[in-house]
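**Q** Can you read through this structure? Questions will come right after.
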Amino acid sequence: MKPLKLTMQAFGSYVKPGTIDFEKPEQNLFLITGDTGAGKTTIFDAIVFALYGEASSGTNKKSGNELQSQYAKPELDPFVELTFSEGDGASRQVYTVRRTPRHIRPLKRGTGTKEEKETVSLILPDQTEFSQNKKETDEKLVEILGLTKGQFMQVAMIAQGEFMELLRAKSDEKKVIFRKLFNTEPYQKIVEELGQRRKEKQQEIAVIRTECQTEAGHIEIPEQYERADIVQEIKEKVIRSEQFLVTDMEQLLEELEQLCAYLQEKQQEIKAQLQAAEQERNQAQEKFAKAEQLLQVYQQLEQAKTVLDECKAEAEQMQKQELLTGQIRSAYEIQSGFKRLQDSMQLIENTEKELQNCEQQLPELLKNVQEAAEQEKTTGAEQQKQNAAYNRVAERVNQALETFRKIADVTAQIQKKEAEQKSAEQEAKQAEEKQKQLESQIQQWKAQEEAKKDAPTKLAYWENQKKEAEALAEEVQEAKKLHAESTKQKKIVEAEQKEFSDASKNYQEAHGRYETMRQIFFNMQAGLLAKEQLKPGQPCPVCGSVEHPAPCELAEEHSEITREKLDEMSLEIEKLRAEQETCALRAHAAGALAEEKELIAKNAVEKLFGHMQDSLQEIPEMMELALVEAVVDASQKELELEGKELLADVKLLEKVQNQLQNAEAEKVQLEEALQKAKVHQQSVQTELESSRAVLKNLTGLLTFASKEEAERELESVNGAKMQADEAYAKAAKLTEQARQTLDKVQVLEHRYREELPKLVEARRQRQTEYKALLTERDLTEEKWQELTQKYTAKDAEMFQQEINVYKEKLARAQGIYTSAKEQIGEQPKPDLEAIMQKREEAENQLQNLRNEQEQWNQYTRTDCAAYDILKPKMENRAQILAQHQRINELYNRLAGNVSGSRMDLETFVQRQYLEKILYAANRRFLEMSAGQFELRMYDLEKAGEGRNHGLDLMVYSAVTGKVREVRTLSGGESFMAALSLALGMADQIQESSAAIHLDVMFIDEGFGSLDENSRNQAVRVLQEMAGGSKLIGIISHVTELKQEIDDQLIVSKDENGSHVRWQIS
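Here it is in structure tokens:
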């Protein structure tokens, strides 16, 4: 990068547009001189502001209203324009950047002021503008230069009072600078990644410790176990330990393994006892089932005998009822045949009556048909006569009506043409008036066009501002969203931690209740045994004693405790334990997510403030998000108002331009319209005279005085015609009705004559069937009628159902009696109570063994499950500990956390760059100091002692042969060292990145601290550098420099601001 031209207006102390041509000096080394406060440093500020939007000073930052000239009028817009080249030779490209700082200007309308935002424009080598977006343009400039502002100030622009910072900076400060210059951030990220992995492994170890302690708390130790005290002691030690002690866990696993083996042996022992008790109980149950079955057979035998006796007593009555049922059914069958015979006789009688009626109607109906036909013929002749008279009159009337219609049409045309004639005269007059109005309107449009001609340019600038404001508003919403998510996640963490606390409390309480109830249950088993099996003189099944002085008694208040209830509580406890572990894992995951979201939200807010400072007016460094949103909203509303005004101006301009463009065509159209109106007026007059002549001819053809007279004549003959038509239609209808009635009666008479013989034959057959049925059922007519009157058909069905029930009961009782006799055989009746007592004793013995088995099964399930869970966790824990140890050692080594080796990985890498920088810097430093001094780094062996000294600088004195702190150098020696370091750094940057071409260096003051010899040496070194393509500018008050440097940029200042001029040798 090399500056070519710099133009400033209303910037700092410069008022009028002034241009500095950096290609004018004959040498690349030049002096910038002038009185104090004349504006020398402002030149540096302008160059840096044009490139980066800030002044050159790092300690006194200026980027807004403070850069606006106090000497210039408020309406004069401040700006800086820098033309610079990038690259060399054939690849040389020229760019122009123009930047306007944030400034105050008077309102264009009314009184008051408005603050304008900073704008920037970059013209590319092909003379096109890159973008109107400030952020994108700033990023493009950094891409072109290859340096940020901080990097640029370190190697190309050494500002007044700040050239010592890098020389005296500590290692950590230099590390940040070198990280950006030499892209060593990946080494820092390596260390950060190792730190994150170490943290994750520590969290995994903490989770395993919590899980192991939780599982250890589940271990249940039976009192009968001989090592119960030892296991309980190590269990409590593990649970209460705040650290993960491997030896304690290994000892607990060994004891737990032995306990599981003991429990499995105990399970086998109880299993054998349970099998024997089950066999005894099964035998007792089988004997009881057989006795119970035999007793039921005896009961069936007695019940069957009772039923047989009852059936024997009812036998005679059932025989009589069965006979009566048959007679009732036969009587109703005969009754059905008798009804069919009666129906046939009634049908014959009805048919004969209908036939006689038809024969009586036929003569009268035939006479009616003849009379109706004669009337139809008479009315038809009258209809033809009236139709002929009507047609003659209608033809003459229709001709007259057509003539009247034509007369009405011509009259209407005449009226229309008269109105059209008046309209044509009015059109011609209006066309002349419109021509005059158009000329006046064109003058107004031209005035509006001149007033609004700058509106599109202003609108384009406003649209760029609006895009930036919208992007900023989106960032505000995103920041709010991230902040809300972070806050929400913190609440989730609190809720998850509370859930874990509640789950842990619920598990402990439930486990305590379960242990208490389980112990009560086992005590109850002893009471149950004492109640059911301890008898005086009989041995105890547990101890064998035949005396029982104080047997255990069952407590009434614990009667609801059962094995099923204990099982339900056990399942509930397992569920609570799993819930406790799940809550612990969720709480840990939620905490990690909350930290991550908080960091993301913080970064978003910092990024937002950076963009606000670029886009908005001056704002505080930090504020609440709600206030930020209000500021952004206010800015958007102000832009909206301004945009509405500009958009209205642009639309008005477009409208006016379109109107002016169409004005000439409209003038031609108006002239054509005037001529057309005159031609139309003449045409209408001709057509009007023609229509009046036609009207006169039509009036002479009329045969009626009026249209109404013609219509009355036609209406008169039409009435007689309609009466004749109506009379004929009525007569024809009556004739048709008479014929239809005659046809209908003739058809019925024929049908009845055919049906009557068939009906007589059907009556004869039904009478024969009725007599045969009386004979077959052996009933007289009086008898069946008596039965149907006395009994209904449902009575017969009811009697039959009673007979069927009786027969089924008799057959079933006979079968049961026979079967029971066969089953009993010679077996005596059993004593069921004695057999049942023996079965219950066997069942109680079996239940007691099952309860004892369940207790040992519970111990085995719980403890073996804990062992199965803990064993792999210990194996996994060994692997994780080994990984953590490797990562921890590597992290401590690379992060510089090892005592005596505090230098981190990134510093070690940066020493390689610093070594090359010092090689280039010492070539200048030795020459400037006449071989006295040389810059050196801390020895590698000592650089990590105490703290990180890896990038700290020392100075070697050839006079004393000793190395000392760089801070011990005098002012002049420090200036030479800092200048040499800056030159060396520029060389290294140029060497490490082919994309960076730094052909400029400005030095602000510092030469006043040098003696004559050192000053001459420094100038000679700079002249050697400037011998190539590098441009070097020096600001200084030292008079001797004016004699040594020929090309000078002289800065002066008066009441009108600062001025510059070149003085070339």
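Those letters in the sequence shown? Residues 9 to 1073, per my numbering, in order.
Just so you know, even glycine gets a beta-carbon here, dropped at the ideal spot from N, CA and C.
Everything numeric in this text was worked out from a predicted model, so none of it was measured.
Any chance you could list the beta strand (DSSP E) runs of at least 3 consecutive residues sitting entirely within the segment 872 to 957, in chain order?
**A** 941 to 945
**Q** Please state whether DSSP places residue 23 in a helix, a strand or coil.
**A** coil
**Q** Beta-carbon within less than 8 Å of residue 1055's beta-carbon, same chain only, minus the 5 sequence neighbours each way: which residues are those?
**A** 33, 34, 35, 37, 38, 39, 1070, 1071, 1072, 1073
**Q** If we ignore side chains and look at the alpha-carbon of each, how far apart do residue 116 and residue 638 end up?
**A** Cα to Cα, the separation comes out at about 27 Å.
**Q** Note down the Cα distance separating residue 68 from residue 460, rounded to an integer number of angstroms.
**A** Here the model assigns residue 68 a pLDDT of 48, short of 50, so the residue's position is not dependable, and the following value carries that caveat. Each residue's alpha carbon lies about 43 Å from the other.
**Q** Would DSSP call residue 105 helix, strand or coil?
**A** In the three-state scheme derived from DSSP, where H, G and I count as helix and E and B as strand, residue 105 is classed as strand.
**Q** Could you check whether residue 391 and residue 736 sit closer than 8 Å to each other, using their CB atoms as the reference points?
**A** yes
**Q** Which class does residue 525 belong to by DSSP, given the choice of helix, strand or coil?
**A** helix
**Q** Are the Cβ atoms of residue 142 and residue 126 separated by less than 8 Å?
**A** In contact: residue 142 and residue 126 (Cβ atoms closer than 8 Å).
**Q** Report buried or exposed for residue 99, applying the criterion of at least 16 other Cβ atoms within 10 angstroms of its Cβ.
**A** exposed
**Q** Would you check if the distance between the CB atom of residue 52 and the CB atom of residue 88 is smaller than 8 Å?
**A** no
**Q** Among residues of its own chain, excluding the 5 on either side of residue 995, which ones have a beta-carbon nearer than 6 Å to its beta-carbon?
**A** 928
**Q** Specify whether the segment 934 to 942 and the segment 896 to 909 touch according to this definition: at least 3 beta carbon pairs, one from each stretch, less than 8 Å apart.
**A** no
**Q** How about residue 453 and residue 150: do their beta carbons lie closer than 8 Å?
**A** For residue 453 and residue 150, no; Cβs fall outside 8 Å.
**Q** Based on Cα-Cα distance, which residue from 357, 206, 904, 211 lies nearest to residue 894?
**A** 206
**Q** Can you grab the Cα-Cα spacing for the pair residue 168 / residue 133, in whole Å?
**A** Any reading at residue 168 must be qualified, since the residue scores a pLDDT of 48, below 50, and its modelled position is unreliable; no value is offered.
**Q** Determine the direct distance from the alpha carbon of residue 155 to that of residue 179, and round the result to whole angstroms.
**A** 21 Å
**Q** Compute every distance between the C-beta of residue 51 and the non-hydrogen atoms of the ligand HEM, then say whether any falls below 7 Å.
**A** Only the bare structure without any ligand can be found here, which leaves the ligand HEM out of the picture.
**Q** How would you label residue 967, buried or exposed, when you count the other beta carbons within 10 angstroms and need 16 or more for buried?
**A** exposed
**Q** Looking at C-beta atoms only, is the number of pairs between the segment 314 to 322 and the segment 805 to 820 that lie closer than 8 Å three or more?
**A** yes
**Q** Among the candidates 589, 233, 241, 464, whose CA atom is the shortest distance from the CA of residue 659?
**A** 464
**Q** Which residue from 595, 793, 909, 823 puts its Cα closest to that of residue 341?
**A** 793
**Q** For residue 233, I'd like the list of residues in its chain whose CB is within less than 7 Å of its CB, leaving aside the five on either flank, ordered along the chain.
**A** Within the same chain, Cβ atoms closer than 7 Å to the Cβ of residue 233 are found at 267, 270, the five residues on either side in sequence being excluded.
**Q** From the DSSP output, read off the bridge partner residues of residue 41.
**A** 1058
**Q** Quick one, are the C-beta atoms of residue 380 and residue 742 less than 8 Å apart?
**A** A contact, by the Cβ cut-off of 8 Å.
**Q** Checking 8 Å against the spacing of the C-beta atoms, do residue 526 and residue 579 come in under that value?
**A** no
**Q** Buried or exposed, going by whether 16 or more other CB atoms sit within 10 Å of the CB of residue 1082?
**A** Residue 1082 falls outside the range modelled here, since the chain spans only 9 to 1073, and no answer is possible.
**Q** Would you report the Cα separation of residue 1066 and residue 608, rounded to the nearest angstrom?
**A** 48 Å
**Q** Would you decide whether residue 112 is buried or exposed? Buried here means 16 or more other CB atoms lie within 10 Å of its CB.
**A** Residue 112 is classed as exposed because its beta carbon has fewer than 16 other beta carbons within 10 Å across all chains shown.
**Q** May I ask you to report which of helix, strand or coil DSSP gives residue 1065?
**A** strand
**Q** Going by CA-CA distance only, name the one from 824, 294, 288 that's closest to residue 840.
**A** Nearest neighbour of residue 840 by Cα position, chosen from 824, 294, 288, turns out to be 294.
**Q** Relative to the C-alpha of residue 473, which candidate in 522, 645, 598, 308 has its C-alpha closest?
**A** 645
**Q** Can you give the beta carbon distance from residue 209 to residue 957, rounded, assuming they're within the 8 Å contact cut?
**A** No, residue 209 and residue 957 are not in contact; Cβ-Cβ is about 31 Å, not under 8 Å.
**Q** Is it true that the segment 879 to 887 meets the segment 949 to 963, where meeting means three or more beta-carbon pairs spaced less than 8 Å apart?
**A** These segments do not touch.
**Q** What is the rounded straight-line gap between the Cα of residue 374 and the Cα of residue 750?
**A** 7 Å
**Q** Would you list, in sequence order, the uninterrupted beta strand (DSSP E) runs of no fewer than 3 residues that lie entirely inside the segment 747 to 820?
**A** none
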